[in-house]
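Enquirer: Using the working numbering, the letters of the sequence shown correspond one by one to residues 1 to 381.
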Amino acid sequence: MKHVPAIVAVLASLAAPVAAHERAVVFPDTPDGEVILAADLHTHSVFSDGAVWPSIRVEEAHRDGLSVMAVTEHLEYQPHKADIPNPDRNRSYGVAIESLVKAQYRGLLVINGAEVTRDQPYGHINAVFVEDANALLTSDPRDAIEAAHAQGAFVFVNHPDWLPQQPDGVARLSGYQKQLIADGLLQGIEVANGTMDGLSEHALQIALDHNLTVLGNSDIHGLVDWTHDAGHDGRRPMTLVLAADRSEEAFKKALFDGRTVAWYHDQLMGREENVQAVVRSCLSLLPEAFDGKTSVLAVTIKNACPVNFTLQNIGEQTFQNVNDTISIDRNGETKVQVRMSKATDSVALAFDVLNTQIGYRKTLPTTLTADVPPTLSVPSR
1 MKHVPAIVAV LASLAAPVAA HERAVVFPDT PDGEVILAAD LHTHSVFSDG AVWPSIRVEE
61 AHRDGLSVMA VTEHLEYQPH KADIPNPDRN RSYGVAIESL VKAQYRGLLV INGAEVTRDQ
121 PYGHINAVFV EDANALLTSD PRDAIEAAHA QGAFVFVNHP DWLPQQPDGV ARLSGYQKQL
181 IADGLLQGIE VANGTMDGLS EHALQIALDH NLTVLGNSDI HGLVDWTHDA GHDGRRPMTL
241 VLAADRSEEA FKKALFDGRT VAWYHDQLMG REENVQAVVR SCLSLLPEAF DGKTSVLAVT
301 IKNACPVNFT LQNIGEQTFQ NVNDTISIDR NGETKVQVRM SKATDSVALA FDVLNTQIGY
361 RKTLPTTLTA DVPPTLSVPS R
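1) Assuming contact is defined by CB atoms lying nearer than 8 angstroms, are residue 192 and residue 82 in contact in what I supplied?
2) Residues in the same chain with beta-carbon distance under 7 angstroms from residue 122, minus the five sequence neighbours each way, listed in chain order, please.
3) Taking the straight line between their C-alpha atoms, what separation do you get for residue 244 and residue 32?
4) Opposite residue 339 in the DSSP bridges: which residues?
5) For residue 291, report the span of its beta strand (DSSP E) as first-last.
6) Using a Cβ-Cβ cutoff of less than 7 angstroms, which residues in the same chain neighbour residue 298 once the five nearest sequence positions on both sides are dropped?
7) Figure out for me which residue from 308, 314, 320, 318 has the closest Cα to the Cα of residue 327.
8) Indicate whether residue 312 and residue 339 have their beta-carbon atoms separated by less than 8 angstroms.
9) CB-CB under 7 angstroms to residue 35, same chain, minus the five flanking residues each way: which ones, in chain order?
10) Within the continuous beta strand (DSSP E) that includes residue 268, where are the two ends?
11) Do residue 149 and residue 155 count as a contact pair if the criterion is CB distance below 8 angstroms?
12) Does residue 373 come out as helix, strand or coil in the three-state DSSP assignment?
13) Would residue 347 pass as a contact of residue 363 if the rule is Cβ separation under 8 angstroms?
14) Using 10 angstroms around the beta-carbon of residue 187, count the other beta-carbons present and answer buried if the total reaches 16, otherwise exposed.
15) I'd like to know whether the C-beta of residue 322 is nearer than 8 angstroms to at least one C-beta of chain D.
16) My output table needs one value for residue 95: the three-state DSSP class, helix, strand or coil.
17) Using only CA atoms, which one of 151, 96, 160 lies nearest to residue 124?
18) May I have the straight-line CA-CA distance separating residue 365 from residue 350, to the nearest angstrom?
19) Could you tell me the alpha carbon to alpha carbon distance between residue 39 and residue 183, rounded to whole angstroms?
20) Contact check, residue 130 vs residue 104 under 8 angstroms by CB: the rounded distance?
21) Would you mind stating whether residue 171 and residue 202 have Cβ atoms separated by less than 8 angstroms?
22) Between which two residues does the beta strand (DSSP E) holding residue 232 run?
23) Considering only the alpha carbon of each residue, which of 49, 101, 64 lies closest to residue 224?
24) Can you give the beta carbon distance from residue 71 to residue 43, rounded, assuming they're within the 8 angstroms contact cut?
25) Keeping to the same chain, check which residues put their C-beta closer than 7 angstroms to that of residue 169; ignore five residues upstream and five downstream.
26) Pull up the CB-CB distance for residue 271 and residue 214, whole angstroms please, since I reckon it's below 8 angstroms.
27) Identify the continuous alpha helix (DSSP H) that holds residue 84 and give its terminal residues.
28) By the 10 Å Cβ neighbour count, where 16 or more other Cβ atoms means buried, how is residue 314 classified, buried or exposed?
29) Whole angstroms are fine: how far does the CA of residue 252 sit from the CA of residue 357?
30) So is residue 286 buried or exposed if we call it buried at 16+ other beta carbons inside 10 Å?
31) Who does residue 59 pair with in a DSSP beta bridge?
32) To the nearest angstrom, how far is the alpha carbon of residue 119 from that of residue 212?
33) Just the Cα atoms here: how many angstroms apart are residue 133 and residue 78?
34) Beta-carbon within less than 6 angstroms of residue 25's beta-carbon, same chain only, minus the 5 sequence neighbours each way: which residues are those?
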């Protein structure tokens, strides 16, 4: 199965959902006007070693507010083949598409993919935007990757810090994987993986050193709700893709251009400029009033995103009512009283965003600014 019926392109367009599920994640556009699309590019069903039918994966993606979900069954590892022979490695994707059409979930794009599953030095490698997964079922893993490349697929390394292949838990590339990068056959790497319930700063540094796209994926095998405790506001890992618009073409281009941030356990991981764009889409300042005739200004820090933020004050301004470490709940706000030492028409608060990583053991510095209306000018002493 290589071709998707035309109706699917309509139903699966990335236009904003008509009615979002109550737990769906929503991010505002970036200050530069890019849209932030939530994606999971690593999932499994009973057509490889997962525990659910592909239609459940589609339902879960809809509930989580994903814009894009990839079906990425293991090509070689088929533990259910006695019950599900699976001669067509595209069938899982076909079932997912059928359920998507039946449910008419607008705003969700389901794409075909596959996981090339080998021991080191090859490792586990995903290819998404695949036209025919059967062509990747080869004896030589290099042939599989080249077949994916010929189909225009986006290819990335899965869980490079996976303990069965990296007993010390440190992500590293093999010589084979480095050669794939040099040959233009490998474009990304997971820095967050839900099956491992892990984040890898080493993988992030590999991405920066080798110009790879940063990814966070669930690698889900069981139920998302159970695995990630959705009943208590848990979230699967996701890749936040900063795209020019909501089209499939813009999404794919952003992937290849490295315009991504991995999100898991409230951690935002990626290149500095990408993480900065997400943070500035989330956080804003609202000056409210001076405390009587004092120079202490009440400011609300608003969080428009489903991410809990932890900020460390590193600026010249100090606070009257809180210490230098501030927590802001997802889609919430925190009020701070800022000591304004001099008359000014603006307020600027500098922070280290502690729930971010832009390199090995490196967090994002950011400055939030807002104009102070003339009616709120610093009182004369």
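Note that CB positions come from ideal geometry on N, CA and C, so glycine has one too.
Predicted, not measured: the structure shown is a model, and the values here were computed from it.
Expert: Considering the structure as presented:
1) Not closer than 8 angstroms, so no.
2) The residues are 141, 176.
3) Going by the C-alpha atoms only, they are around 9 angstroms apart.
4) Beta-bridge pairing links residue 339 to 296.
5) Bounds of any beta strand (DSSP E) do not take in residue 291, whose DSSP letter is neither H nor E.
6) Within the same chain, residue 298 has close Cβ partners 288, 289, 291, 335, 337.
7) Cα-wise, what sits closest to residue 327 is 308.
8) In this structure, residue 312 sits away from residue 339, with a CB-CB distance that is not shorter than 8 angstroms.
9) Non-local beta-carbon contacts of residue 35 in its own chain, meaning distances under 7 angstroms to residues more than five positions away in sequence, involve 29, 243, 245, 246 in chain order.
10) Run containing residue 268: 267 to 270, per the beta strand (DSSP E) assignment.
11) Closer than 8 angstroms, so yes.
12) Correct three-state label for residue 373: coil.
13) No. Outside cutoff.
14) Under this definition residue 187 is a buried residue.
15) This model lacks chain D altogether, as it is built from one protein chain only.
16) Residue 95 falls in the helix class under three-state DSSP.
17) From the listed residues 151, 96, 160, the smallest Cα separation to residue 124 is found for 160.
18) Rounded to the nearest angstrom, the two C-alpha atoms are 7 angstroms apart.
19) Spanning the two alpha carbons is a distance of roughly 27 angstroms.
20) Between residue 104 and residue 130 the Cβ distance is about 25 angstroms, and since that is not below 8 angstroms, they are no contact.
21) Yes; because the gap between Cβ atoms is below 8 angstroms, this pair is in contact.
22) Under the DSSP assignment, residue 232 falls outside any beta strand (DSSP E); it carries neither an H nor an E label.
23) Of the listed residues, the one whose Cα sits closest to residue 224 is 64.
24) Confirmed, Cβ separation roughly 6 angstroms.
25) These residues qualify, in order along the chain: 161, 163.
26) The C-beta distance from residue 271 to residue 214 rounds to 7 angstroms, short enough to fall under 8 angstroms.
27) Per DSSP, residue 84 is not a residue of any alpha helix (DSSP H), being assigned neither H nor E.
28) Counting Cβ neighbours within 10 Å, residue 314 comes out exposed, since fewer than 16 surround it.
29) Per the coordinates, the alpha-carbon of residue 357 lies some 24 angstroms from the alpha-carbon of residue 252.
30) Burial call: exposed.
31) Per DSSP, none; premise fails for residue 59.
32) In this model, residue 119 and residue 212 are separated by some 22 angstroms (Cα to Cα).
33) Here the C-alpha atom of residue 133 lies approximately 14 angstroms from the C-alpha atom of residue 78.
34) Within the same chain, residue 25 has close Cβ partners 38, 65, 306.
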